[in-house]
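Student: Quick one: this structure, given as structure tokens, is what I'll be asking you about.
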Amino acid sequence: MAIIRLYPALALLFGAMLLCNSAGAALGERLSPEARGSTVQRAVQPGLRSSSGAYSLNEYVNAAGTTIREYAGADGTVFAVSWDGPAKPNLRTLLGAHFAEFTKAASSGGGHHRASVDNDRLVVRSTAHARNFSGLAYLPSAVPEGITVEDLQ
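Numbered per mature numbering (1 follows the signal peptide of the UniProt record, and there is no 0), the sequence shown spans residues -25 to -1, 1 to 128.
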């Protein structure tokens, strides 16, 4: 009987824990399927490999309906992430250790609808217009040879 009374509370706690989980690996971290968490609503193209084999693409839609793409090199390290959808994704989660550099540079200009960083360590382009949030972040030194920014969507 006590278990029945605890069930709603445990279900609520478990649900909250799942929502706090990150959706994947952050920029510069190794991609692991176990790290995906429940914020992934559906995997669109899990583990798709480029024709050159230089990178793999993990594409998914988060709980808010935003498509997130993680580009990982042959060693599994995420060298780029992109997003497009009706809600801004958690950039702290996507950028990981690079988030502080992004916020510092983005606060120095660009306005409310655009934020960007462009240096030899980090490139971030983020825009928002009429409930459409899109962006791309990548580590220039980690992009595999033969891959261009245009290859990353």
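All C-beta atoms, glycine included, are put in the ideal place defined by N, C-alpha and C.
With G48 and Y30 assumed to form a contact (beta carbons below 8 Å), what rounded beta-carbon distance in angstroms separates them?
Tutor: Right, the Cβ-Cβ distance comes to about 6 Å (below 8 Å), so this counts as a contact.
Student: Do T41 and A75 have their C-beta atoms within less than 8 Å of each other?
Tutor: no
Student: Does the distance from the CB of W58 to the CB of S109 come in under 8 Å?
Tutor: yes
Student: How far does the beta strand (DSSP E) with A39 in it reach, from first residue to last?
Tutor: Per DSSP, A39 belongs to no beta strand (DSSP E) and is neither H nor E.
Student: Please tell me whether L111 and L127 are closer than 8 Å, where the distance is taken between their beta carbons.
Tutor: yes
Student: Classify S116 as helix, strand or coil using the three-state DSSP reduction.
Tutor: helix
Student: With 16 other CB atoms within 10 Å as the buried threshold, where does S116 fall?
Tutor: exposed
Student: Pull up the CB-CB distance for A1 and L70, whole angstroms please, since I reckon it's below 8 Å.
Tutor: Contact flag correct, Cβ pair sits at about 6 Å.
Student: Under 8 Å between the Cβ atoms of residue 136 and L6?
Tutor: Shown here, the chain extends from -25 to 128; a query on residue 136 therefore has no answer.
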